[in-house]
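S.K.:
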Amino acid sequence: LLQRQAEHESNARSYPRNLPFAIARGEGSFLVDVDGNSYVDFLMGAGVLPLGHSHPELVDVAARQLGVFAHGLDMPTEVKDEFTAVHLGLLPDAMRADGYKIHFCGPTGANTVDAAIKLAKTATGRREIMAFRGGFHGTTHLAMSLTGLLDQREPVANTVPGVHFAPYSHCSRCPLGLERSTCQVNCAATIETQLRDVNGGMLPPAAVILELVQGEGGVIPAEPEFVHRVAAAAREAGALLIVDEVQTGCGRTGTWLAFEQYGIEPDIICLSKALSGIGTPLGIIIYRSEFDTWAPGAHTGTFRGNQLGFAAGIETVRIFERDDILDNVQRRAAQVRRIFEPLEALPHVRQVRGLGLMWGIELQDPETGAPEGSLARIVQRRAVELGLIVERGGRQDCVVRILPALNVTAEVIDAACGLLAELVESCVDTTPL
Ligand code: PMP
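In UniProt numbering, each residue carries its 1-based index in the sequence shown increased by 21.
1. Can you tell me where the alpha helix (DSSP H) holding residue 202 begins and where it ends?
2. Closest by CA to residue 156, which one among 111, 146, 170 and 145?
3. Could you tell me which of 329, 321, 424 and 271 sits nearest to residue 21, measuring between CA atoms?
4. Comparing C-alpha positions only, which one of 102, 129 and 115 sits nearest to residue 322?
5. What is the chain-ordered set of residues for which the beta carbon lies under 6 Å from any non-hydrogen atom of ligand 1?
6. Looking at the unbroken alpha helix (DSSP H) that takes in residue 461, where does it start and where does it end?
7. What separation, rounded to the nearest whole angstrom, lies between the Cα atoms of residue 136 and residue 143?
8. Mind checking whether residue 133 and residue 278 have CB atoms under 8 Å apart?
9. How far does the beta strand (DSSP E) with residue 74 in it reach, from first residue to last?
10. Would residue 354 pass as a contact of residue 377 if the rule is Cβ separation under 8 Å?
11. Is DSSP giving residue 126 helix, strand or coil here?
12. Residue 331: buried (16+ other C-beta within 10 angstroms of its C-beta) or exposed?
13. To the nearest angstrom, how far is the alpha carbon of residue 335 from that of residue 103?
14. Work out the CA separation of residue 427 and residue 381 for me, nearest whole Å.
15. Do you know offhand how far residue 123's Cα is from residue 80's?
16. Which ranges does the alpha helix (DSSP H) cover as unbroken runs of at least 4 residues, wholly within the segment 110-183, from first to last along the chain?
17. What does a CB cutoff of less than 7 Å around residue 152 pick up in its chain, not counting 5 residues either side in sequence?
18. Counting Cβ pairs, one atom from each stretch, are 3 or more of them under 8 Å apart for the segment 55-73 and the segment 425-442?
19. How would you write the range of the beta strand (DSSP E) that residue 53 sits in, first residue to last?
20. What does the Cβ neighbour count give for residue 316, buried or exposed, with the cut at 16 atoms within 10 Å?
21. Tell me the DSSP secondary structure of residue 291 in three-state form.
22. Any idea what DSSP makes of residue 363, helix, strand or coil?
23. Kindly indicate which residue of 414, 120, 141 and 50 has the alpha-carbon position closest to the one of residue 314.
24. Kindly indicate which residue of 420, 328, 450 and 365 has the alpha-carbon position closest to the one of residue 88.
25. If you reduce the DSSP assignment to three classes, tell me which class residue 65 lands in.
26. Could you tell me the boundaries of the alpha helix (DSSP H) in which residue 435 lies?
27. Taking all protein chains shown into account, decide if residue 90 is buried (16 or more other Cβ within 10 angstroms of its Cβ) or exposed.
28. Report whether the distance from the Cβ of residue 176 to the nearest heavy atom of ligand 2 is below 7 Å.
29. Counting Cβ pairs closer than 8 Å, one from the segment 222-242 and one from the segment 253-266, do we hit at least three?
30. Consult DSSP for residue 413 and reduce its assignment to one of helix, strand or coil.
31. Roughly how many angstroms lie between the CA atoms of residue 303 and residue 444, to the nearest whole one?
32. Distance, Cα to Cα, residue 214 vs residue 44?
33. Could you say which of 253, 298, 246 and 308 lies nearest to residue 265 if we only look at CA atoms?
34. What separation, rounded to the nearest whole angstrom, lies between the Cα atoms of residue 198 and residue 204?
35. In three-state terms, what does DSSP make of residue 318?
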């Protein structure tokens, strides 16, 4: 099977190239291969399975919905109605009082980003957008144009005009040598100037699009003061604040939505990945009602809502509340921090960063301090050989990243993060791959 996979790889690439096994099934935090070996899955379909693989209650609900009415469209059904009410009900009280609406977009995260930008342009009548260095928003032409992760964007020619990049990503390698907190605050001052300096080139933008933790960019949480100042500067410039919560949303950071921890009220929120709870693609934007400026039919498409996703998504929220999943995220996050933070003493570890159950360990050349993708590759490869699946990200893929299921147990965190810490410690002594 592996040989066949390798042969077919050139015709149909799979997401993690070179995963040296074939998956038979998933169970909770584990994947099982065709030979019956188990792996701890700390990738979780790139964060799409908040309650792990094949959660029995979600399987039941989805199967039932499949037999009742399954459809790719957001047709008016009870289940759609309930999904909408549940998600608007999860917004902070002040936002519910202000009035927000949901628009069902195409199924992927990038589709929600495209919709958010389009809505901001319609609502403001403006064209320019401010995005951030190190940010990642997807691979449609527009979402890629907003992506400031240069390794990903640079090979793409002819990106969309009118996108301006502001600094945010360099906190672990601040050109001014500042610590993360002061570095981001310093960046905020630059952004304020950029947004005010209308005559200096940038027209007042329609929107500022921000990740509260840059995920693909290497797990870089934004500092609260940075976020407050960016939000205030956007408001002053009349630009809508879009938070891309495709990765941080649905409980990943320990609150249902990450922006709740920052005390801001975004104008538009992008949600996708974990929204259905079962990996069935679903994408929405939640936006302030006053910006409800699209004429009916202005933003349509075949797969924009999904009855299966609605049913499983409602059940996911019910399980979150019943099992106090957000509390689990916070407890497990504290545990991960305790295991990973001592690694910062190692000369080849630049920084350990995370929020909730989104963590990254940035590796560097111990002599020069340059980002070290090959060390991260050794760690990832050794981890999979020993039964743990992790991801990489950031510049030159030098950050080893984890996105465990949000109902992961203390035992699994201890064992898997302990193993990862050992691999990070010993990777400099290993022959490069
Ligand atoms: N925004 C963010 C913050 C993401 O992390 C991702 C995916 N990693 C996307 C957008 C794009 O989502 P999709 O791959 O579903 O288009």
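C-beta atoms are modelled at their ideal positions from N, C-alpha and C, and glycine is treated no differently.
M.R.: On the basis of the coordinates in this document:
1. Membership of residue 202 in the alpha helix (DSSP H) is indicated by the continuous run 201-217.
2. Of the candidates 111, 146, 170 and 145, the one whose C-alpha sits nearest the C-alpha of residue 156 is 170.
3. Outside the shown range of the chain (22 to 454) lies residue 21, about which nothing can therefore be said.
4. Residue 322 has its Cα closest to that of 129, out of 102, 129 and 115.
5. In chain order, the qualifying residues are 67, 129, 130, 131, 134, 157, 158, 159, 232, 236, 237, 265, 267, 268 and 293.
6. Residue 461 lies beyond the stretch modelled for the chain, which goes from 22 to 454, so this question has no answer here.
7. Between residue 136 and residue 143, the alpha-carbon positions lie close to 10 Å from each other.
8. The answer is no: Cβ separation not under 8 Å.
9. Looking at the DSSP string, residue 74 is not in any beta strand (DSSP E), and its letter there is neither H nor E.
10. Cβ atoms of residue 354 and residue 377: closer than 8 Å.
11. Here residue 126 sits in coil by DSSP.
12. Classification for residue 331: buried.
13. Cα to Cα, the separation comes out at about 7 Å.
14. Residue 381 and residue 427 have their alpha carbons spaced roughly 16 Å apart.
15. Distance between the alpha carbons of residue 123 and residue 80 is about 26 Å.
16. Those alpha helix (DSSP H) runs which fall completely within the segment 110-183 and span 4+ residues are 114-119, 130-145, 162-166 and 171-174.
17. Answer for residue 152: 167, 169, 184, 186 and 230, listed in chain order.
18. Because the criterion of three Cβ pairs below 8 Å is met, the segment 55-73 and the segment 425-442 touch.
19. Residues 51-54.
20. With fewer than 16 other Cβ atoms from the protein chains shown falling within 10 Å of its own Cβ, residue 316 counts as exposed.
21. Taken through DSSP and simplified to helix, strand or coil, residue 291 comes out as strand.
22. Here residue 363 sits in helix by DSSP.
23. Measuring from the Cα of residue 314, the nearest candidate turns out to be 141.
24. The option with the nearest alpha carbon to residue 88 is 328.
25. It is helical.
26. It spans 431-447 - the alpha helix (DSSP H) in which residue 435 sits, taken as one unbroken run.
27. Residue 90 is classed as exposed because its beta carbon has fewer than 16 other beta carbons within 10 Å across all chains shown.
28. Only ligand 1 can be found as ligands here, which leaves ligand 2 out of the picture.
29. Counting Cβ pairs under 8 Å, three or more are found: they touch.
30. If DSSP states are grouped into helix, strand and coil, residue 413 belongs with the strands.
31. Here the C-alpha atom of residue 303 lies approximately 36 Å from the C-alpha atom of residue 444.
32. When only Cα atoms are considered, residue 214 and residue 44 end up about 51 Å apart.
33. Nearest option by C-alpha distance: 308.
34. Going from the Cα of residue 198 to the Cα of residue 204 covers about 8 Å.
35. DSSP places residue 318 in coil when its eight states are reduced to three.
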